[in-house]
Ligand code: R5P
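Numbering (my numbering), first residue to last: 4 to 297.
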């Protein structure tokens, strides 16, 4: 059987090459040329056929969604019959309901778009709030949701002795519980009230963290305010140290400084999004799923 191709973009070469090697795929660079007016042109290898995988993480999603549209349609024209999207970070999953008439439900629109372009979608820890499964959000035949929590749990026990895992809000409970499970770690979950894009209130659960090495674990760090506020409170409560472990390192330009200022020692992230804080790879976890699909 012919080896399937892994289509990737230059800025994600490092993770894409790792995945290609682990999954036994033929890496194929999508060339991109940027025009002075903001448009861009893509070029795919003309020899594509059969089964292919497109690798693209959707941080900075607005531009990358256009890339996906152009690349997927062209791959089909070139003869690809089965096209899988590996999208380690899947954007626009949080807006899943119209709270007032006229509000755009981005999750449904992006999900439908991806389902129209791909036969299968593989992602990690998508932020699904009011929908039960990835397939509801992305109605494609194979919609596969992998959790990075076990990988982060393994990393944390390598870095800290007897760590106490804390999730900063109710939604993080699922990931914290999974990360804690295989190493039987202590864990608890805080309560968060979001006041604005860059403002949160956090209430710690009734636990004793005095003298403990606490690790805050969450799916996304964006402005960093959630982790920074939680870290401040944990240190005030007597934690010996606070570190951070996240799946998706979105980090805006001020986030890392903010988190460090709050007293956090180390920031560890997975390579779902290429970032200087990447400390562990989810490519082995993706490979396990991908090799059964292609
Ligand atoms: C939302 O609830 C997510 O799990 C994260 O906690 C959130 O996206 C983090 O956002 P920020 O870093 O801007 O506080």
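Using N, Cα and C, we set each Cβ at its ideal position, and we do this for glycine too.
Through-space distance from residue j to residue i, alpha-carbon basis
i: residue 97; j: residue 65; result: 15 Å
i: residue 15; j: residue 87; result: 17 Å
i: residue 242; j: residue 263; result: 15 Å
i: residue 140; j: residue 121; result: 14 Å
i: residue 178; j: residue 201; result: 23 Å
i: residue 72; j: residue 37; result: 16 Å
i: residue 172; j: residue 47; result: 42 Å
i: residue 212; j: residue 112; result: 43 Å
i: residue 297; j: residue 104; result: 42 Å
i: residue 83; j: residue 261; result: 45 Å
i: residue 78; j: residue 62; result: 22 Å
i: residue 282; j: residue 250; result: 10 Å
i: residue 204; j: residue 170; result: 14 Å
Selected residue, minimal CA-CA separation from residue i, among the options
i: residue 182; options: 173, 118 and 218; result: 218
i: residue 185; options: 246, 208, 85 and 160; result: 160
i: residue 246; options: 234, 282 and 134; result: 234
i: residue 89; options: 275, 103 and 282; result: 275
i: residue 231; options: 208, 240 and 259; result: 259
i: residue 265; options: 229, 256 and 294; result: 229
i: residue 270; options: 162, 287 and 56; result: 162
i: residue 273; options: 239, 193 and 221; result: 221
i: residue 174; options: 116, 187 and 197; result: 197
i: residue 189; options: 164, 32 and 227; result: 164
Local conformation of residue i per DSSP, three classes
i: residue 263; result: helix
i: residue 245; result: strand
i: residue 203; result: strand
i: residue 233; result: helix
i: residue 288; result: helix
i: residue 213; result: coil
i: residue 281; result: strand
Cβ pair residue i, residue j closer than 9 Å
i: residue 158; j: residue 248; result: yes
i: residue 284; j: residue 154; result: yes
i: residue 17; j: residue 252; result: no
i: residue 147; j: residue 123; result: yes
i: residue 116; j: residue 68; result: yes
Neighbour flag for residue i against chain D, beta carbons, 9 Å
i: residue 235; result: Chain labels in this structure do not include chain D; a single protein chain is all it has.
Task: Complete runs of the alpha helix (DSSP H) confined to the region 4-83 [at least 4 residues] - done: 16-26 and 64-81
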